[in-house]
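Single-structure report; data block below.
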């Protein structure tokens, strides 16, 4: 079953790389041609090192690119997806190979997230984005609170640290992974919620790494090919991000593999708190922008 997963991911990788190369040669007018510099490679390395730890790469990369004016704002979404698709695939290959999760659990959890994302693509645009961000942000912080209480031994812990799910727990895991996949396009993210999901179901938090990396590895190349064909990305930046990101991902997973269970639980807690606060901050910022826009619309025209 794991072999079939690797074959499928390998074929998707070949299709993605071939399409990228063909489109780049076919369209020399792709924005920002040329060889990547050390700065762009470094951004990819650092961002994907922390991404493989569960922190995420999009927010940090966006902030840096805007600060340094390396990528135009309208090209940022495409550049992030295209530049980090291959590093995410690298994370999946290494994570699945070195962290031995039960094959049935792994494949079904990944499939549930992928199906949820595909089926939810046409639904999420009608969902209240800000309300979901606030709800998920609060839920993550509450879950992190319980995690922290267990780590500090303020509450008893019943975690078994297993690497598989069966019966009702497997059904709950699949349902949760499906929902998380469905709301990914809203910018909620999959990594931190997946960490909480598998941990709350009694699994070793380490099991979340191949699950979340595998799911995103099947989703990002498909989304990226749309940006490539539309030429809505920075070629120079994405090549640099890819080169640095592959090495950063590999190094980070070497670190994760050597961490003991307690260290992984602390890592999960930090990641979940960070993600929860980020979601609440994003929701507040979007509300402020919306309020300003509404106030501007309702302002009476000057006579």
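Residue numbers (the working numbering): 170 to 472. Built from N, CA and C at the ideal position, the CB exists for glycine as well.
- Counting of Cβ neighbours within 10 angstroms places residue 212 among the buried residues, the total reaching 16 or more.
- Within the stretch 342 to 397, the runs of alpha helix (DSSP H) at least 4 residues long that lie entirely inside it are, in chain order, 360 to 369.
- Residue 200 and residue 450 have their C-alpha atoms spaced approximately 31 angstroms apart.
- Secondary structure at residue 229: helix, using DSSP grouped into helix, strand and coil.
- When C-beta atoms of the stretch 242 to 250 are compared with those of the stretch 436 to 452, fewer than three pairs fall below 8 angstroms, so the two segments do not count as touching.
- Taking the Cβ atoms as the reference, residue 423 lies roughly 25 angstroms from residue 316, outside the contact range of under 8 angstroms.
- Contact check between the stretch 273 to 285 and the stretch 408 to 428: fewer than three CB pairs, one atom from each, fall below 8 angstroms, which does not count as touching.
- Judged by DSSP secondary structure, residue 403 falls outside any alpha helix (DSSP H); it is assigned neither H nor E.
- Distance from the CA atom of residue 273 to the CA atom of residue 396, rounded to whole angstroms, is 33 angstroms.
- Each of 401, 391, 205, 276 was checked against the Cα of residue 185, and the nearest Cα belongs to 391.
- Exclusion of the five residues before and after residue 368 leaves 316, 328, 374, 377, 434, 437 as the residues of its chain whose Cβ lies within less than 8 angstroms of its Cβ.
- Non-local beta-carbon contacts of residue 286 in its own chain, meaning distances under 6 angstroms to residues more than five positions away in sequence, involve 350, 353, 388 in chain order.
- Under the three-state reduction of DSSP output, residue 331 falls in the strand class.
- The Cβ atoms of residue 380 and residue 270 sit closer than 9 angstroms to each other.
- Between residue 239 and the set 442, 453, 405, the nearest pair of CA atoms involves 405.
- Here the C-alpha atom of residue 255 lies approximately 6 angstroms from the C-alpha atom of residue 411.
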